Amino acid sequence: MTERRRMLTGDRPTGKLHLGHYVGSISNRIRLQREYDSFFIIADLHMLTTKNTVEDIGKVAENARHLVLDSLSAGIDPEHATYYLQSAVPEVCELNTLFQNLVTVPRLERIPSLKDMARDAHKEEMPYGLLGYPILQAADIMCVRSHVCPVGKDNAPHVEITREIARRFNHLYGEVFPVVELINAEVPTLVGTDGQAKMSKSIGNVIYLSDTPAEVRKRVMGMYTDPNRVRADVPGTVEGNPVFAYHDAFNDNKAQVEDLKTRYREGKVGDVEVKEKLAEAINRFLDPMRERRAKYEEQSGLVDQLIVEGTERTRREVQATVFAARKAMGLTGA
Ligand code: ATP
Ligand code: MG
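When we follow UniProt numbering, the leftmost residue of the sequence shown carries the number 1, and every step to the right adds one.
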């Protein structure tokens, strides 16, 4: 059997997964998981750039379990996934050190996401680790010699840095690293239940993949709709209305969605009916996840075992990678 190419992707362990994550990244991973040997990083070191109190770090273990169980429930196959805890693979930091001199400070400062953060007002508060974030991310991608990395537009410049570092390393010391390919994972951003910003757990405008049917219903019934529509017989606007954005994204009954839109525009349907049908649709969408979650929860210790074994596998891989990198550089200690 020829070895499958490798994919690296993952999340910071800062909480549970919500519908925004599903639309933005998880659905894509589910699609790609069998095509590649998939490594899923639980990026707790990256979390430290914004959350680094003892209290924040104390939540990593629980949040890591949420990440794994939520993504398994969503459809990631535990037989084909390697989950690992970034901080438990310290050799990644060694690779980070080896890569640090292959990229310049101005190059890092030009990355759009960092440029925004480093704008005058915030520059004084910007930690060194944030400037170095893309190098650590390059170390993550290259530590398992990943071939592909699925990213959206925001993260593409980081993967571009990874490619530059790989080429520079290979040029200086010999071919050790694949130059990672970017898989364009451009997807629409899911708006939050408040209709004001993207769905985001720190704002609280979320529907979690682990919400019960009653919780989903409650969150949907409280959703923002068309503010100009004071009564059911007033024609409403479908475009930009979060309730209809969700109908489009999650309601599998397309005829029902079209009928609701038509009646909404004509002022012939109330918000309550539109929301009731949306809650039912989202619950239909989440039901198979609930079934899988129940099945995985029955297998006690499964999630912990996946993280421990995945981390062990990854650590062995990374040790071999670091050995190869040091050897190529002549850093053999002799
Ligand atoms: P926080 O509030 O702590 O920032 P969050 O809920 O916004 O958390 P992140 O951890 O910032 O989630 O998101 C991680 C990744 O998940 C993003 O880079 C993006 O790919 C995807 N994602 C998150 N929210 C959405 C969304 N509303 N729509 C599409 N993709 C999303
Ligand atoms: Mg966010």
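C-beta: ideal position from N, C-alpha, C; glycine also.
Note that the structure is predicted; figures quoted are calculated from it, not measured.
The beta carbon of I207 sits closer than 7 Å to those of H18, L19, T193, V216, R219 and I282, all from its chain and outside the five residues before and after it, given in chain order. Excluding the 5 residues flanking it on each side, A328 has same chain C-beta neighbours closer than 7 Å at Y173, G174 and V176, in chain order.
The three-state reading of DSSP puts R263 in helix, counting H, G and I together. For E239, no alpha helix (DSSP H) segment is defined, and its DSSP state is neither H nor E.
Taken atom to atom, the span from the alpha-carbon of N184 to that of A279 is near 31 Å. Here the stretch 134-148 lies against the stretch 306-318, with 3 or more beta-carbon pairs under 8 Å apart. Relative to the ligand MG, the beta carbon of S25 is positioned no closer than 7 Å to any heavy atom. Just measuring C-alpha positions, the residue of E291, D44 and L95 sitting nearest F323 is L95. Per the C-alpha coordinates, the member of I111, G330 and T212 positioned closest to R290 is T212. The stretch 56-68 makes contact with the stretch 298-316: 3 or more CB pairs, one atom from each, lie closer than 8 Å. Per the DSSP secondary-structure output, H18 pairs in a beta bridge with Y208. Short of 6 Å from the beta carbon of V257, and not among the five residues preceding or following it, lie these beta carbons of its own chain, in chain order: H247 and N251.
Under the DSSP assignment, E309 falls in the alpha helix (DSSP H) whose first and last residues are L302 to M329. Checking the 7 Å criterion, the Cβ of S73 is out of range of every heavy atom belonging to the ligand MG.
If you draw a straight line from the Cα of D233 to the Cα of D271, it comes to about 10 Å.
Counting only runs of 4 or more residues that sit fully inside the stretch 43-76, the alpha helix (DSSP H) segments are 44-47, 54-58 and 60-74, in chain order.
Cβ neighbours of E160 within its own chain (closer than 8 Å, five residues either side excluded): L182. Ranked by Cα distance from A61, the options R31, P78, K16 and E35 are led by K16. Setting aside the 5 residues that flank it on each side, E186 is surrounded in the same chain by G152 and K153, each with a C-beta closer than 8 Å to its C-beta; the list follows chain order. R29 places its beta carbon less than 8 Å from that of T9.
Assignment of T162 by DSSP, reduced to helix, strand and coil, places it in the helix class.
Pairing G236 with R265 gives a Cβ-Cβ distance under 8 Å. Here A138 is buried: its Cβ has 16 or more other Cβ atoms, across all protein chains shown, within 10 Å. The residues E109, in chain order, have a CB closer than 8 Å to that of K115 in the same chain once the five nearest residues on each side in sequence are set aside.
Looking from the CA of P106, the closest CA among G132, E125, H46 and P90 belongs to G132.
Using a 10 angstroms sphere on the CB of H21, the tally of other CB atoms reaches 16 or more, which defines it as buried. For Y36, the secondary structure class from DSSP, reduced to helix, strand or coil, is coil.
Under the three-state reduction of DSSP output, I111 falls in the coil class, being neither helix nor strand. Boundaries of the alpha helix (DSSP H) harbouring E297: D271 to E298, taken from the DSSP string.
Contact check for P78 against L85 fails: the beta carbons are separated by 8 Å or more. Relative to the ligand ATP, the beta carbon of T189 is positioned inside 7 Å of a heavy atom.
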